[in-house]
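Under this note's numbering, residues 31 to 657 are what the sequence shown spells out, in order.
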Amino acid sequence: MTTVDRVLGTEDEETATSAAQRRVRQLLALNQSAILITGEIELDSLLQRIVDEARKLVGCKYAALGVLGEDGFISKFPTSGVSEAEREQIGTPPKGHGLLGVMLRVGQVLRVSDMSKDNRRVGFPPHHPPMTSLLGVPIFVRGKLVGDLYLTDKIGGSDFSEEDEWLVQLLATHAATALTNAQLHIENVGSLQKVRVQRARSQALLRVNQAINQSVHMDEVIELIIKSALELLGVAGAAFHLLEHPIPVHPPAVPIDAGAQSFKARYAVGLHEMLTTDAAELPMVGSVAGRAVASRTIQVVNDTLDEPDTIFPRLADKELRSLVAVPLVAGDKISGVLSVYSDQPHDFNADSIALVEAIGAAASTTIYNAALYEEAQQGREAAEREGQRLRELEQMKDEFLSTAAHELRTPLTTIKMSVGLLQEQLELATSNGGSIDSRLFNLMALVDESSQRMHSLVNDLLDLTRLEQGRATWTVEEIDLREVVTASIQATAPLFESKNQHVSLHLPEVYCPVRGDRERLEQIIINLLSNAHKYSPPGSQVGVRAIRSSDKCTVSVRDNGPGIPEAERELVFERFYRSTLHRKDRTPSTGLGLPIARKIAEMHGGRLWVEDAQGGGSIFILETPSA
Ligand code: ADP
């Protein structure tokens, strides 16, 4: 039989009507209390509300709620009917010995009419108000005892009745529901808070990463990371201590010796003035940063006072009490350490340490990339400086050559004229019967040939510099490229005849229109033909062919000479370059013909290059846009 059944069964002494009326009143009061209790969501107010309502419901002087803690003892003890002053006088709340303990252990209702006569009691502490009767009702949440309601001293002097017991038991079930809700509320608020913190951190990290990705300049990136770290962690200071020379990650741990390098604070916030400058240094030996680098692992100091021998940087105006230092590892190098400083001991929990690690990881890659960028930038600048220097040298050389060529022209003309005159005189003297040493003739011929060669060299040089400096004069008109080819062949015909070489010519039927300078275009073809003549053996074949396509005209000159080694096919277009196959020849040469020819081709919007002719020899190709 339940308490409720028993209570309902006692009706025989009263009239059914008054009993029913009383029960209705009690249930209405209970309902009122239940509404008030379940309306509380915050735990402490709820506990207080439960004791107040329980006291009111049964009409007793005092009520208390012993909340069972994890350790099996009472963890909270809200009371009702005891004034603030009385509570202070009583002192520390009960732990759960004596009668309270009995209930906590047994988990059953307890009704005692005089506590002082119960042998399970341990007695009240001094200044405790005297209490006689007791009604104790356990509260279960999902079958687990969570605490006991203690009601003492029923008003009116009588003992607590079965009806009281029944009412408080019903109230306890409402209290259990409300406690469950309060507990869920606490959990919800907790996880919501956690989610909020996580979200704020993820967003901040995202901002860091986005900002990092937008910048490649080391200083900007470092400053940004450090500011975000401060904001995210709410700490007193942070610094990047970078190694002057990044060290390899392997081997995984290195001993730090006294000669090891020191760190330079590349960027620091919140540190003592000395350390916020570029020159500020932190030694490897004896510092936490040094330890992080040597062990390649994150270092946490919970209280700097525990490590009197360690070297710590100084905070600007607070005492440094705890820190986290994470090594910056990227690629296979450690470039330094990110440290985060607090003026509170034990300021870093697992969460914030993980965050410092995450920031450190983002920073490592960025610093690595930024360092590579800086290196590349420096390389580019050096290359640019070098390029500029070379351009200046080249210009100086051009100027020198052009001046030298100019200066040489006049004396050369004098020499040539004088030689001519001398030769004439000598011939005249011989024809007049004079006896002239034949070696003199040979000598004169040599001087003539040499001055002739020098003359061509000087002319070519002047021509090239004029072309390069844009000082050459042009007569531009529409020309039939076939005419240019024919004229060039005619001009070089004596050369080929002298070596018994045969030139074959293939021209298209159709007009090959090109816009350009006739003489300059002839200069190209003549150069190619005279090279074919010069570098091919006597009696060999030279093929000249012109082709017209929709947008260009092409002329090719093929010979069956020695050809040009592949590696030299571009070099022969450089000034003064002679193929390795001809270095020992005595063939008259300036090494300027092809550079001039290519320059002229380019100035016509065309190209000139050499290929390997099938079956040996070379094939030079001139391509020009058609008009
Ligand atoms: P040069 O003929 O006065 O030396 P070029 O600029 O015309 O100057 O030619 C450069 C070099 O290219 C020559 O010295 C020669 O070694 C090589 N060369 C030019 N034309 C031919 C060719 N048809 N066959 C083989 N080698 C050639």
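Where is the CB? At the ideal position from N, CA and C, for every residue including glycine.
Quick caveat: nothing in here was measured; it's all calculated off a predicted structure.
- For the pair of segments examined, the segment 95–113 was found not to touch the segment 187–197: the number of CB pairs separated by less than 8 Å stays below three.
- Residue side-chain check: A562 places its Cβ nearer than 7 Å to a non-hydrogen atom of ligand 1.
- For F650, the three-state secondary structure derived from DSSP is strand.
- Judged by DSSP secondary structure, Q329 falls within the beta strand (DSSP E) whose first and last residues are Q329 to V331.
- For R321, the enclosing alpha helix (DSSP H) starts and ends at V318 to S325.
- R588 has its CB no nearer than 7 Å to any heavy atom of ligand 1.
- For K184, no alpha helix (DSSP H) run applies; the uninterrupted beta strand (DSSP E) run containing it begins and ends at K174 to K184, by DSSP.
- Here the distance from the Cβ of S580 to the nearest heavy atom of ligand 1 is not below 7 Å.
- Per the C-alpha coordinates, the member of H158, R628 and S221 positioned closest to A115 is H158.
- C-alpha of C542 to C-alpha of K629: approximately 21 Å in a straight line.
- Using a Cβ-Cβ distance cut-off of 8 Å, the segment 457–469 and the segment 408–426 are not in contact, since fewer than three pairs of beta carbons, one from each stretch, lie closer than that value.
- Taking a cut-off of 8 Å on C-beta distances, the segment 310–323 does not touch the segment 379–387, as fewer than three cross pairs fall below it.
- Runs of the alpha helix (DSSP H) lying entirely within the segment 553–604, each at least 4 residues long, are absent.
- Between R483 and P618, the CB-CB gap stays under 8 Å.
- For E653, same chain residues with a beta-carbon under 7 Å away, outside a window of 5 residues either side, are K582, T584, G636 and R637 in chain order.
- Taken in chain order, the complete beta strand (DSSP E) segments of 3 or more residues contained in the segment 34–93 number zero; there are none.
- In the structure shown, I466 adopts coil according to DSSP, grouped into three states.
- Using a C-beta cut-off of 8 Å, the segment 361–381 makes contact with the segment 255–272, since at least three inter-stretch Cβ pairs fall below that distance.
- Between L456 and L476, the C-beta spacing is not below 8 Å.
- DSSP links D510 through a beta bridge to P543.
- Taking 8 Å as the cut-off, the beta carbon of I255 is found closer than this to the beta carbon of V238.
- Excluding sequence positions up to five before and after D510, its CB lies within less than 6 Å of the CB of Y541 and C542, all in the same chain and listed in chain order.
- Taking the Cα of G593 as reference, the smallest distance to any Cα among E641, N557, L601 and Y607 is reached at E641.
- Under the Cβ criterion (8 Å, minimum of three pairs), the segment 215–230 does not count as touching the segment 81–95.
- At a Cβ-Cβ threshold of 8 Å, I67 and E83 count as neighbours.
- In this structure, V132 is the residue among M161, S143 and V132 with its C-alpha nearest to the C-alpha of G177.
- Nearest to I65 by alpha-carbon distance, out of N149, P123, T162 and H204, is H204.
- For E274, the enclosing beta strand (DSSP E) stretches over residues G267 to P278.
- In this structure, the CA atom of A401 is about 25 Å from the CA atom of P343.
- Relative to the non-hydrogen atoms of ligand 1, the Cβ of L431 never comes closer than 7 Å to any of them.
- A residue is called buried once 16 or more other Cβ atoms fall within 10 Å of its Cβ, and V54, having fewer, is exposed.
- Within the same chain, Cβ atoms closer than 8 Å to the Cβ of T162 are found at S143, D144, M145, S146, T182 and D183, the five residues on either side in sequence being excluded.
- By the C-beta density criterion, N61 is exposed, having fewer than 16 other C-beta atoms within 10 angstroms.
- In this structure the segment 531–539 does not touch the segment 492–502; the number of beta carbon pairs closer than 8 Å is below three.
- Distance from the CA of G390 to the CA of E600, rounded to the nearest whole angstrom, comes to 52 Å.
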